[in-house]
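If you're matching positions, the sequence shown starts at 6 in the numbering used here and goes up one per residue. Even for Gly, the Cβ is constructed at its ideal location relative to N, Cα and C.
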Amino acid sequence: MRIKLREARKSKGLSMTYMAHKLGYKSVSGYANIEYGTTNVSFENAVKIADLLNMSLNELSFEEKLHISSKKQLA
6 MRIKLREARK SKGLSMTYMA HKLGYKSVSG YANIEYGTTN VSFENAVKIA
56 DLLNMSLNEL SFEEKLHISS KKQLA
């Protein structure tokens, strides 16, 4: 997922700083940890990221990496 996410972000000409700001993180590391795969993404942020990149959740393969409490919202 992280390679696909990084490539999608770069292909849109978006920086990690921009993504972090749009997601409401106070620092870039909040978003970077998602892209690097060290932090699971919440459902809400997965939707926001997909929207920012004009892609579906399936295209970004987020369905496998969503935070466990967020998966309950999908049921």
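{"Item": "Going by beta carbon distance, what residues of the same chain come within less than 6 Å of Gly42, once the five residues before and after it are set aside?", "Value": "Arg7"}
{"Item": "Would you kindly report the start and end of the unbroken alpha helix (DSSP H) that includes Ser5?", "Value": "Nothing can be reported for residue 5, as the shown portion of the chain is limited to 6 through 80."}
{"Item": "Could you check whether Leu57 and Lys27 sit closer than 8 Å to each other, using their CB atoms as the reference points?", "Value": "yes"}
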